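Accompanying notes for the structure given below.
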Amino acid sequence: MLNYGYLSLEVINGTNLPVPSERTPAGFYVIVSTPHGQWNTAVKLAMIDHSVPWNETLIIRAHPFP
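First residue of the sequence shown: 12, per our numbering; consecutive thereafter.
Listed below in structure tokens is the structure:
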């Protein structure tokens, strides 16, 4: 949702994430970068069905706070 100079991403989910068979990754996270900053989700482990539910909200502002 774009509202008053910020974008709110809610309930981010990843599905069918490739997991290498030779080693298990420590976790997955999402990075959103803009010219004004970078936002990261929490690191989460993949589920048995290769999905990752973050269930969090990232608020990405159009301009940084002063």
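Note that the Cβ used here is the ideal one computed from N, Cα and C, for glycine as well. Computed from a predicted model, the values in this text were never measured in an experiment.
Discussion item. Mapping the DSSP letters down to three states, classify V43 as helix, strand or coil.
Written reply: strand
Worksheet item: Are there 16 or more other CB atoms within 10 angstroms of the CB of T52, so buried, or fewer, so exposed?
Response: buried
Worksheet item: Which value, in whole angstroms, describes the spacing of the CA atoms of M58 and T68?
Response: 20 Å
Worksheet item: Where does V54 land, buried or exposed, given buried means 16+ other C-beta within 10 angstroms?
Response: exposed
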